[in-house]
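A.B. asks: Before we start, here is the structure in question, set down as structure tokens.
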Amino acid sequence: MALDQSFTGRVYPPTSTYEVSREKIREFADALGDTNPLYRDTEAAKAAGHPDVIAPPTFLTIINLASINAIVTDPELGLDYSRMVHGDQRFTYARPVHAGDILSLTTHIDKIMTRAGNDFINLRAEISGADGGPIATTYAQLVVRGEGA
């Protein structure tokens, strides 16, 4: 079943916030095997000009994944999750994420297209802080393999 292309342009507003903690940053850095002191040592982060420890660049995957799942599990979209693969992921930052940030995420379906029998869905999430200021934008492309693929 092809994806419903009328979903292009839909916007999913924030449904909750996520408070970034030092512990979650440390756990994420541990999972990556990254020993960068900016992710662990408050004094090192402050010496580098940050208000607190900062998160690794891919940390936002934690909150981004939840928003992606909310979209792809919408039965009206017509996405067969068992046929989906992750095609692309990238991040652009206005500033680093740091401990103490309270993040909210607004997700957009930028484009749905079909090529060679496969559906592609391009998603964008605008992530802002408690003050509403921009922190980062994440981009993801999901590919839903066609029946014959």
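Read left to right, the sequence shown gives residues 28 to 176 (this note's numbering). We put the beta carbon where it would ideally sit given N, CA and C, even for glycine.
Kindly indicate which three-state DSSP category ARG151 falls into: helix, strand or coil?
C.D. replies: DSSP, read as helix, strand or coil, puts ARG151 in strand.
A.B. asks: Inspect the CB distances between the segment 61 to 72 and the segment 132 to 142 and report whether three or more fall short of 8 Å.
C.D. replies: no
A.B. asks: Which residue comes first and which comes last in the alpha helix (DSSP H) that contains ASP68?
C.D. replies: Neither: ASP68 is in no alpha helix (DSSP H) and is coded neither H nor E.
A.B. asks: Can you give the beta carbon distance from ALA82 to HIS125, rounded, assuming they're within the 8 Å contact cut?
C.D. replies: 7 Å
A.B. asks: Using a Cβ-Cβ cut-off of 7 Å (strictly less than) and excluding sequence neighbours within five positions of GLY105, which residues of its own chain qualify?
C.D. replies: MET28, ALA29, LEU30, ASP31
A.B. asks: Quick check: THR133 and GLU153, are their CB atoms within less than 8 Å of each other?
C.D. replies: In this structure, the beta-carbon distance from THR133 to GLU153 falls below 8 Å.
A.B. asks: Helix, strand or coil for ALA163, going by three-state DSSP, please let me know.
C.D. replies: It is a strand residue.
A.B. asks: What first and last residue would you give for the beta strand (DSSP E) that runs through ARG142?
C.D. replies: 129 to 142
A.B. asks: CA-CA distance, GLN116 and VAL80?
C.D. replies: 24 Å
A.B. asks: Take PHE118 and list the residues in its own chain whose beta-carbon comes closer than 8 Å to its own, dropping the five residues that flank it on each side.
C.D. replies: PRO84, THR85, LEU87, ALA163, THR164, THR165, TYR166
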